[in-house]
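Each residue of the sequence shown is one higher than the one before, counting from 2 in the working numbering. Heads up, the beta-carbon is just placed ideally off N, CA and C, and yes, glycines get one too.
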Amino acid sequence: EVLERRYPVILRQFSLRNDSGGKGLFHGGEGVVREIEFLRPLTLSILSERRVISPYGLNGGRNGRVGENLLIRKREKGNEHQITQNLGGKNSVKVFAGDRIRILTPGGGGFGKLLTELEQGKCQHAETDHPTKKKKTS
């Protein structure tokens, strides 16, 4: 990993963030999860968006999940509990060897009503709104 070559860190996780995209006829894209462990004391700065207001869905699609930036402090000897702190979208903080940051990026908003909603007649134009539904002809 290039990140590990350039900085004193270990990339512990890099994966898709399941169920972070908004539901819809076309689901929003999934966010990602990155968890990075620090190998020595550093100053961590993060500048990110969509940590309070979720990415919105369109045309009846659901909103995506908001992102999170979680600082996980290394356990002290004799202390069973980790301390997890939500850093918000913009922050700068001192970190120490063994601390980790878990970055959960937001999912995209969905587009269009779900097929089940169309089939239940919740949509005003249920016969024509869904591309897999055939338009009724007389």
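> Is VAL3 helix, strand or coil by DSSP?
Replying inline: Mapped onto the sequence shown, residue 3 falls at position 2. Note: VAL3 maps to helix in three-state DSSP.
>> Please classify GLY62 as buried or exposed, where buried requires at least 16 other C-beta atoms within 10 Å of its C-beta.
In response: By 1-based counting over the sequence shown, the position of residue 62 is 61. With 16 or more Cβ atoms within 10 Å of its Cβ, GLY62 is classed as buried.
> When DSSP labels each residue in this structure, what does HIS131 get in the three-state scheme?
Replying inline: For the purposes of this step, residue 131 is taken as the residue at position 130 of the sequence shown. In this prediction, HIS131 scores a pLDDT of 43, lower than 50, which makes its location untrustworthy; the coordinate-derived value is nonetheless stated afterwards. Three-state DSSP puts HIS131 in coil, outside helix and strand.
> What did DSSP end up calling LEU116 once you bin it into helix, strand or coil?
Replying inline: In the sequence shown, counting from the first residue as 1, residue 116 sits at position 115. Looking at LEU116 - three-state DSSP - the assignment turns out to be helix.
>> Alpha carbons only, please: which of GLY65, GLU38, LEU43, ARG76 is nearest the one belonging to THR106?
In response: Here residue 106 is taken as the residue at index 105 of the sequence shown, counted from 1. Ranking GLY65, GLU38, LEU43, ARG76 by Cα distance to THR106 puts GLY65 first.
> For ASN60, which of helix, strand or coil comes out of DSSP?
Replying inline: Along the sequence shown, read from residue 1 onward, the residue named residue 60 stands at position 59. Coil.
> Where do the N-terminal and C-terminal ends of the beta strand (DSSP E) with ILE54 fall, by residue?
Replying inline: Against the sequence shown, residue 54 aligns to sequence position 53. Note, ILE54: premise wrong, no beta strand (DSSP E); not H, not E.
>> So, under 8 Å CB-CB, ARG52 and GLY68 are touching, yes? Tell me the CB distance rounded to an integer number of Å.
In response: What you label residue 52 is simply residue 51 of the sequence shown in a count that begins at 1. What you label residue 68 is simply residue 67 of the sequence shown in a count that begins at 1. About 5 Å; that satisfies the 8 Å criterion.
> Does the Cβ-Cβ distance between ASN96 and LEU40 come in under 7 Å?
Replying inline: Residue numbering aside, residue 96 sits at position 95 when the sequence shown is read from its first letter. Residue numbering aside, residue 40 sits at position 39 when the sequence shown is read from its first letter. The residue asked about is misnamed: residue 96 is Val in this sequence, not Asn. The Cβ-Cβ distance between VAL96 and LEU40 does not fall below 7 Å.
>> The beta strand (DSSP E) that contains GLN86, what's its start and end?
In response: Here residue 86 corresponds to residue number 85 of the sequence shown, with the count starting at 1. Where GLN86 is concerned, the enclosing beta strand (DSSP E) stretches over 84 to 87.
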